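J.: Residue numbers (our numbering), protein chains in the order written: chain A, 7 to 405; chain B, 137 to 394.
Where a beta carbon is used, it is the ideal one built from N, C-alpha and C, also for glycine.
Predicted, not measured: the structure shown is a model, and the values here were computed from it.
Have a look at this one.
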């Protein structure tokens with residue numbers, strides 16, 4: 007755990023966004039590892055692997071709209087010494103071919119990387135497209151590493167960090183415009199959950215003068231120059247490092263009343279919730295848990311121990327995912343704390359026009375996290391109201 | 137070799153008094169042809185798609201000298217590395233799976249890997265069963281292999297018209313099987329599945345094929361064992377001691393006679 011008084015630096019919202027951080031990271035990794043092959047379940051551009059296809063056409067395999075077969079093919083490729091990356095939307099890489107994953111990949115413990123885009127209710131595409139139990143499904147498989155990254159910085163680093171894992175990996179990724187929450191100095195690891203510093207209000211002003219790199223709204227643009235984006239990212243990184251150091255003081259790594267464990271798209275609202283609670287006099291701290299399996303139980307317990315209440319936040323059902331993993335950890339350690347799990351409350355969502363609508367309707371907003379913390383602390387009276395953070399097109403702010 | 141495979145299968149099933157003997161009885165000639173003539177250990181691959189058939193693969197591999205005799209004695213027992221429904225762990229075959237309908241995908245993946253990694257002569261032999269053709273994934277794999285012209289891929293289909301709930305044709309309609317596979321871009325041959333010589337000849341010719349091949353082997357789960365009672369369950373045969381002794385005697389006599 008970080009020494010008292012510090013925390014993993016974060017940027018302040020609204021967050022700038024980039025496009026195709028995964029696609030670019032996979033290409034960079036594949037340049038180093040010739041045994042990496044890329045399988046597509048008929049969603050190439052949507053899964054950012056048009057970049058891989060363009061650079062390594064001989065290592066790109068169209069599996070078509072046949073996920074069970076794609077999984078079986080991937081297992082056999084892995085047995086032959088290749089490292090297959092399998093791509094589709096999360097529902098189609100987990101729920102649909104689950105038996106095939108068990109038999110062709112998980113039981114034999116093969117180094118296949120299952121990549122699932124469109125986590126939880128980030129998709130307005132209704133229950134057929136909303137992967138709300140994928141983490142639970144993958145977590146239940148022995149030997150599976152389960153990762154739900156929070157931003158573009160972590161996306162790229164997670165791809166590199168999992169390169170050498172001998173067993174299977176499930177990587178859950180947001181589609182489209184990907185926010186940059188962590189500065190370039192951030193270090194994702196497979197073994198540690200990260201206690202987050204509070205996002206500094208001064209950081210935004212430092213970046214105000216810089217030109218913005220924004221991704222095309224709503225879809226990944228195939229015409230973008232990836233090399234140009236890399237140069238922009240390096241410029242951003244040095245600015246981000248400065249911003250990170252100037253972020254506000256770590257919020258209560260030593261004295262938080264409530265800890266909010268969050269993953270993926272819920273990290274941004276968790277940070278906003280911490281800010282709202284802290285502003286109202288309730289010390290809170292957010293912990294990013296990108297690796298849900300194997301869970302960093304040491305950090306979970308050491309942070310929960312110092313708090314009076316625990317909140318978990320996931321873009322996922324509250325059954326079987328991050329919230330359950332945290333609950334199991336607390337209970338097995340005999341660490342009784344009031345727990346509130348923010349996420350889909352054992353319900354399917356629905357088709358809609360927009361993601362924010364779904365996040366509001368199904369309880370995944372910053373305010374829902376604040377309310378959960380208030381409840382877990384048994385506070386009376388109205389919980390603090392989290393201010394809305396406006397975002398211009400190309401920026402991302404939590405709902 | 138087929139008779140020897142049947143004899144070994146009886147020996148593997150007898151200790152528990154029941155097991156997947158029918159699968160070995162129907163597929164013995166196919167396994168004899170592959171392990172006895174076509175398969176090159178260390179080069180080619182065998183996929184046993186229905187894990188329940190792994191008894192035949194074990195028996196054939198033992199006959200071919202690829203695995204030790206003592207290993208077969210532990211078949212299907214507690215703590216054995218040679219389970220009755222094939223899974224990971226054994227060296228033989230290169231791939232098997234207890235959840236049916238998945239093996240052809242693995243076989244196609246092996247053939248694809250051979251192409252990607254520059255092994256143009258390596259062959260993959262995939263044993264499938266007719267019941268498995270009911271699983272949609274088989275057709276996903278067939279379409280993939282046909283589209284990619286995975287010509288080093290050879291399927292031996294044990295068409296014994298037997299599945300758990302009874303005859304396959306009492307449950308669904310698979311025919312015309314050959315026409316279906318041809319429509320997917322495969323070369324299809326329909327033949328007597330108990331004619332090991334013809335099977336071996338077709339396998340040899342397949343080495344020069346330009347499309348994936350399937351041998352539709354028409355068989356019976358009772359073949360080669362006259363002492364089996366008429367009501368024997370093709371999927372899971374009961375083999376009490378008296379019947380096991382009779383089967384052993386019949387098969388041993390078949391081995392020793394010219």
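Between residue 256 of chain A and residue 303 of chain A, what straight-line distance do the alpha-carbon atoms span, to the nearest angstrom?
T.: Because residue 256 of chain A carries a pLDDT of 41, less than 50, the predicted location of this residue cannot be relied on, and the following value inherits that uncertainty. C-alpha separation (whole angstroms): 21 Å.
J.: Between which two residues does the alpha helix (DSSP H) containing residue 75 of chain A stretch?
T.: 73-85
J.: Would you grab the beta carbon distance between residue 128 of chain A and residue 361 of chain A for me? Rounded to a whole angstrom, and I think it's under 8 Å.
T.: 6 Å
J.: At the 8 Å Cβ level, is residue 320 of chain B part of the contact set with chain A, yes or no?
T.: no
J.: In three-state DSSP terms, what is residue 320 of chain A?
T.: strand
J.: Going by C-alpha distance, which of B:228, B:157, B:392, B:249 is nearest residue 67 of chain A?
T.: B:249
J.: Indicate the three-state DSSP secondary structure (helix, strand or coil) for residue 401 of chain A in the structure shown.
T.: strand
J.: Where are the beta strand (DSSP E) runs, 3 residues long or more, that stay fully inside the stretch 85-161 of chain A, in chain order?
T.: 89-95, 119-123, 151-154
J.: From what residue to what residue does the beta strand (DSSP E) around residue 307 of chain B run?
T.: Careful: residue 307 of chain B lies outside any beta strand (DSSP E) and carries neither H nor E.
J.: Who are the Cβ neighbours of residue 408 of chain B in its own chain at under 8 Å, not counting the five residues just before and after it?
T.: Residue 408 of chain B falls outside the range modelled here, since chain B spans only 137 to 394, and no answer is possible.
J.: Output yes if chain A places a C-beta closer than 8 Å to the C-beta of residue 245 of chain B; else output no.
T.: Nearest CB-CB separation between residue 245 of chain B and chain A: below the 8 Å threshold.
J.: Who are the near neighbours of residue 214 of chain A in its chain, counting only those whose CB is closer than 7 Å to its CB and skipping five residues on each side?
T.: Bear in mind that the predicted position of residue 214 of chain A carries a pLDDT of just 33, short of 50, making it too unreliable to give a figure here.
J.: Can you look up residue 63 of chain A in the DSSP assignment and give me helix, strand or coil?
T.: helix
J.: In terms of residues, what are the limits of the beta strand (DSSP E) holding residue 352 of chain B?
T.: Element bounds for residue 352 of chain B: 349-354.
J.: Distance check for residue 103 of chain A and residue 46 of chain A, CA to CA, integer angstroms please.
T.: Distance between the alpha carbons of residue 46 of chain A and residue 103 of chain A is about 14 Å.
J.: Fully enclosed by the stretch 165-227 of chain B, which alpha helix (DSSP H) runs are 4 residues long or longer?
T.: 190-199, 205-209
J.: Less than 8 Å between CB atoms is the rule here; does residue 106 of chain A satisfy it with respect to chain B?
T.: yes
J.: Applying the 10 Å Cβ sphere with the 16-neighbour rule, what's the burial state of residue 299 of chain A?
T.: buried
J.: Quick check: the stretch 197-205 of chain A against the stretch 10-20 of chain A, are there 3 or more CB pairs under 8 Å?
T.: yes
J.: Residues of chain B with a CB under 7 Å from the CB of residue 109 of chain A: which are they?
T.: 233, 235, 238
J.: If you draw a straight line from the C-alpha of residue 400 of chain A to the C-alpha of residue 49 of chain A, how long is it?
T.: 23 Å
J.: Among A:77, A:116, A:89, A:124, which one has its Cα closest to the Cα of residue 105 of chain A?
T.: The option with the nearest alpha carbon to residue 105 of chain A is A:77.
J.: For residue 361 of chain B versus residue 143 of chain B, is the C-beta distance shorter than 8 Å?
T.: no
J.: Count the other CB atoms, across all protein chains shown, that sit within 10 Å of the CB of residue 26 of chain A; report buried if there are 16 or more and exposed otherwise.
T.: buried
J.: Show which residues of chain B have a CB atom less than 9 Å away from the CB atom of residue 46 of chain A.
T.: Correct list: empty, because the minimum Cβ distance to chain B is about 13 Å.
J.: Residues in the stretch 263-283 of chain B with C-beta within 8 Å of chain A's C-beta atoms, listed in sequence order?
T.: Listed in sequence order: 272, 273, 276, 277, 279, 280.
J.: For residue 72 of chain A and residue 273 of chain B, I'd like the C-alpha separation in whole angstroms.
T.: Going by the C-alpha atoms only, they are around 8 Å apart.
J.: Along chain A, which residues have their Cβ under 8 Å away from the Cβ of residue 248 of chain B?
T.: 67, 79, 82, 83
J.: Return yes when the Cβ of residue 291 of chain B is within less than 8 Å of the Cβ of residue 252 of chain B, no when it is not.
T.: no
J.: What number of angstroms, rounded off, separates the C-alpha of residue 28 of chain A from the C-alpha of residue 278 of chain A?
T.: In a straight line, the C-alpha of residue 28 of chain A is about 25 Å away from that of residue 278 of chain A.
J.: Please report the Cβ distance between residue 314 of chain A and residue 329 of chain A, rounded to the nearest whole angstrom; I am assuming they are in contact, meaning their Cβ atoms lie under 8 Å.
T.: Contact between residue 314 of chain A and residue 329 of chain A is absent: CB atoms are separated by about 18 Å, not below the 8 Å threshold.
J.: In three-state DSSP terms, what is residue 159 of chain B?
T.: helix
J.: Note down, in chain order, each residue of its chain lying with its Cβ closer than 7 Å to the Cβ of residue 402 of chain A, except the 5 sequence neighbours on either side.
T.: Excluding residues within five positions, the ones whose Cβ falls inside 7 Å are 20, 21, 23, 183, 185.
J.: Could you tell me which whole alpha helix (DSSP H) segments of length 4 or greater appear in the stretch 257-340 of chain A?
T.: 273-285, 303-312, 328-338
J.: Determine, for residue 91 of chain A, whether the minimum Cβ-Cβ distance to residues of chain B falls below 8 Å.
T.: no
J.: Can you grab the Cα-Cα spacing for the pair residue 156 of chain B / residue 189 of chain B, in whole Å?
T.: 7 Å
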